[in-house]
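Per UniProt numbering, the very first residue in the sequence shown carries number 1; after that it's consecutive. Glycine included, C-beta positions come from ideal geometry on N, C-alpha and C. Given the structure is predicted, the values throughout are model-derived calculations rather than measurements. For reference, the structure is listed below as structure tokens.
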Amino acid sequence: MSTNLLTQAMLKDMHYDITNVCKQIETFESSDKATTVMVLFEHSDINAAVYHMSKTIEDPESFRCGAIATVLVEECIKDIFKKKFKIYGNNEIYSLEDGKEEEDEVEADEEAGNANTPLIFNNEEDGDFPKARTVFGFMGFLGFAIVYAMRVNLSVAIVAMVNQKGEFDWDESTQGLVLGSFFYGYVLTQVPGGRMAEIVGGKLIYGYGVLFTAIFTILTPIAAYWNLPFLILVRVLEGMGEGVTYPAMHAMLAYWIPPLERNKFAAIVYAGSNIGTVISLPLSGWLCSLNFLGGWPLSFYLFGAVGLIWFIFWMFLVYDKPSMHPRISTKERVYIENSMHLIKLSGSRFCNIDAINQVPIHSIPWCSILTSIPLWAILITQYGQSWAFYTQLTELPTYMNNILHYDIESNALLNAVPYLTSWLMGIACSALADWMLRKRYISLINSYKLWNSIASIIPSLGLIGIVYVGCSWEWVTFMLAGVGSFAGAIYAGNQMNHISLSPRYAGTIFGSIVKVFFFKMLEFIEYTTPEWRGLNMRSLKVDEAYLILKSHFPKATYLYSLSEACYSCPYTKVKTLLQHHYNDNLTLNVAYPIKFKLIDQDVGRYAFNNVTSLCEYQNLNYREFGVYNLTLDANGSCEWCTDKKAVNIYYPILAVFILLALIMVVLKIGLRAWRSFYYEDILSTVNSSGINISTAGQRNRLRSLDTFRGLAIVLMIFVNNGGGHYWWAEHAPWNGLHLADIVFPSFLWIMGVCIPISIKSQISRDVTKYRIVLRILWRSLKLFSIGLCLNSINGPKLENLRIMGVLQRLGVAYLICGLAHTKFSERVIIEPQITWKRKFQDLIIMRGELLIVVFLIAVYLCTIFGLNVPHCPRGYLGPGGKHSNAEYFNCIGGASGYIDFLILGNRHIYQHPTAKYIYDSKPFDPEGVFGCLLTIVQVFFGLLAGVIILTYTTWRARISRWLIWSVILALIGGALSGFSSENGFIPINKNLWSFSFVCVTTALSFISLSLLYYVIDVKYWWQGYPFEAAGMNAIILYVGHTVLHKMLPWHWSIGPMNTHFVLLLKSVWNTTLWLCTALYLNYKKFYFSL
């Protein structure tokens, strides 16, 4: 039969004997083989063709790795197979060989097939009973039942431990800490557990996870009687043991369960958590009511012992993969492996199924995982479902006891009902899902979406309904057990989606999701109770806490405090404690650590080190929204304790990142859809016209320069909007380097980089130096004028208008550097013939500018160390105020502050420096006149980077010189500052624009540009999006964000705005909105420059 006849026959009747087809194809020439298979795979009946091939593959005796596999690999796989076969079955991929394998695995779900996509049906003949995968599923079910029984028994036992038995005097905060400590260990082992299961096998990881959980469960009563910290440690270790179980089981399911059985098996295996909860809650309640061994310890001993017994059977009965099981039947093993496409159609031509176990271990494709839209969809929905489940799991017993007032036995029984109904509903939904897939009524991806929506929406309505049914236990039970039972649909929803998305990394993906989203949502937004022991917690501002003072002392005492941010400062009086005075509260700012002294006499506003105190506290761990007690006893001794635990101020960073990522995912999906709809006809027209659109709009401009400038302006907008009011995101109080301190020098530096490029371009166009100078003068004047106008944004009061500012300093530095470089620039640069001159050609070209740099540095150093400032020591660089024990109160900035005061006057400088709120300092302008000297030096260093770009054409020469300068300047800056924030000869200080500050920030700029240049302009790994657009319209973004700072939609407020979460959200919102503005202007090809 010829090639064409065979092809036509196969397309006409898909029941053609595939074995004979294979034999026929083997007689073809190589090109005919390729033609035949390509026609088959490109035809619309591809699914049917692949289905019949898979039926043949199920019988290894009639298909010995022959014709079809060989042809697919050697002739077609590079062109056709990736496009067609990767959506076969349940979207799993095992046939790709190149670097795209991992990315395609993660993104396979995005290209899921329709309802007609065939799956391998179970033609497995009856074998031994019970089947190996049935034993595996049953043991997995028992394992989850045991670990959940060990997890939730404390939720019941703690009621008896505190309320009924009264053995432990724990308040609600302590109880929450004991219950929640488990989860801190639980999240630590999620990702490692999943990855280890993929590498060494899930059997050991899952088994030892249950074993360690059982051991620490048995130790829980002993730890509780020992002390509270030991109990918390045991609970954390117990959580670490249980944390590996879910990802390990996910990794094993990828090998053991065929696609059409996964929903059912998942419901059975993971439903063990529900059954364990159902059994543990009433049984623990009954055990707690006994008097034997104290009652409540029995629940820990019993379930722990069961876990030890289970471990023995697990190690004997279960194996990592079907191919490793010594007692599995051949039919079952072949069916499982073939149905999951584990016969690899690759160059190695696996004929023996044992060869599939030789799959190498690949590194985790984190980039593809984190950028996968389906994964983010799973991640978000699982977070919501997990939050609802675990909140109900840990808080329901307390709710039943405190709100519905049920005794411990009734409480435990009612708590168990929702998990029982959820288990039953999960099995029913999973069986229905498998049936619908088998009948091909629904595609796999739509099945996941359907059941995931049911598992998310309907139980949520039940939780909302509880709010409206009051204290009726019947309605509460209906809402939790009836409506809430639909949460079991999760087993047919996203619980199995990890495996379909990427079988090889199912454990890692599941572990990553749980680890990232397992914390309580309320902790992410710094939630605190509205009231605590009569204190209004909502009245606290960001980074504030309460200090409750109690004095039993027979005379008045005085509380003095000292912030760690105030270097070499005395203690400042904050409160007078009257004798025998109780429950006096004080609000603390806890952004920085605080020290306290209690003194029995009033020594004035400041208390110096020579003052004797009754007691002194240092290095105490104060945090936001905490409540702390300080008690002064009658004998003069002091007691300090934490009354209410503070919130974690860094969870909001993760929460805002998640929200931003979600928004980006939605926008990405919308943009893809819009482009697909809007550009489809346009692109077809353009392509038919023969226009090469890939070269349209190309430019010689270095993208890394615009990206660097864009990053600087975006970061400037972020910190100017508060940066979430984190101390490290704001300007340093005086010495030191915070995030906000590197923004302005970076912007100045990149301006310097562009000066020689711009002047060189103008000279090459025959623009005279006279016209270049006029343009520099005009641009500098515009910068200064715009900055002056921005200073009057709150009203142009000329008598106290601030003269200097950010744009003003930019204008001054641009003027000097631009004029100098124009003066020294040459029209034609002749490359030196001498070797050493070629190596230092950039410095030779810059010799005039470098002389100016040396001169400015010398003037600066001579002035700050030589000028005699009235009432100040020579060379003083401190903030004045109470710095140096308030000895130089009016000396803020030393010579720098004095010169600015003489030139500008007190009313025309900045009135609110950061030092004012820490050191009680006077006004000082961080963008003053004298600081312009070293600002010009910083721009000259940027100009040097630009000259390097013009002088050297290879990327290695450019980057090597930038990095050499970064090392030199970093060492100079570090040496001048003593590699510390306070103890150096010239500290790193943004307010003074010190020489060490210039060196360190310039070194950071050199390093940053080197990295961006390599990534963007050398390797083309990134196009600079979206920051490149911001860099091309930086002046619009800066002026716009300053003028429209207090206007919608950029600025908004809601409620007290007293948490890092809401403040960070506002800052990110403002910054993102301006970034979108830049993208829109770039889309419209609108660019504004001065």
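- Per DSSP, reduced to three states, the secondary structure at C789 is helical.
- Taken in chain order, the complete alpha helix (DSSP H) segments of 4 or more residues contained in the region 868-923 are 883-886, 895-904, 915-919.
- Secondary-structure assignment with DSSP links T576 through a beta bridge to Y558.
- Distance between K321 and W314, taken at the CA atoms: about 14 angstroms.
- Between I909 and I803, the CB-CB gap stays under 9 angstroms.
- Looking at the DSSP output, F596 bridges to S561, Y617.
- Close CB contacts of F997 within its chain, under the 7 angstroms cut and outside five residues either way in sequence, are with I988, N989, K990 (chain order).
- Classified as buried, F940 has 16 or more neighbouring CB atoms from the shown chains inside 10 Å of its CB.
- A Cβ-Cβ distance of about 54 angstroms is found for the pair D543 and E261, leaving them out of contact under the 8 angstroms criterion.
- Shortest Cα-Cα distance from S551 to any of S884, S561, C638 involves C638.
- Straight-line measurement puts the Cα of I936 at about 7 angstroms from the Cα of C817.
- Here the region 741-761 lies against the region 940-949, with 3 or more beta-carbon pairs under 8 angstroms apart.
- With at least 16 other beta carbons inside 10 angstroms of its own, A655 counts as buried.
- Across the set S561, M436, S485, F303, the C-alpha of S561 shows the shortest separation from the C-alpha of Y919.
- In the structure shown, V627 adopts extended strand secondary structure according to DSSP, grouped into three states.
- As the crow flies, the alpha-carbon of F168 is around 5 angstroms from that of V162.
- The Cβ atoms of Y1020 and R958 do not sit closer than 9 angstroms to each other.
- Straight-line measurement puts the Cα of L177 at about 24 angstroms from the Cα of L302.
- Contact between F625 and M751 fails: their C-beta atoms lie close to 42 angstroms from each other, not under 8 angstroms.
- Taking C-beta atoms under 8 angstroms as the contact rule, G241 and F216 qualify, at a distance of about 6 angstroms.
- At the C-beta level, G384 and A271 stay beyond 9 angstroms of one another.
- Counted as a single uninterrupted DSSP element, the alpha helix (DSSP H) harbouring S155 occupies residues 132-159.
- A Cβ-Cβ separation of about 4 angstroms places Y186 in contact with G239 under the 8 angstroms criterion.
- With a threshold of 16 other beta carbon atoms within 10 Å, F657 falls short and is exposed.
- Distance from the CA of F486 to the CA of S273, rounded to the nearest whole angstrom, comes to 15 angstroms.
- Taking 9 angstroms as the cut-off, the Cβ atoms of F311 and M150 do not count as close.
- When only Cα atoms are considered, L219 and W376 end up about 39 angstroms apart.
- In the DSSP assignment, K644 forms a beta bridge with V627.
- Of the candidates F1006, K1085, P926, G1055, K1085 places its Cα closest to the Cα of E1028.
- For L1079, the enclosing alpha helix (DSSP H) begins and ends at 1060-1083.
- Classified as buried, V1000 has 16 or more neighbouring CB atoms from the shown chains inside 10 Å of its CB.
- In the structure shown, Y622 falls within a coil segment according to DSSP collapsed to helix, strand and coil.
- Unbroken alpha helix (DSSP H) stretches of 4 residues or longer found wholly inside the region 211-294: 228-243, 245-256, 262-270, 272-288, given in chain order.
- Between T822 and K882 a beta carbon distance of about 48 angstroms is seen, past the 8 angstroms cut, so the two are scored as non-contacting.
- Under the criterion of beta carbons closer than 8 angstroms, L856 and I864 do not qualify as touching, at roughly 13 angstroms.
- Within the DSSP secondary-structure output, T587 pairs in a beta bridge with Y546.
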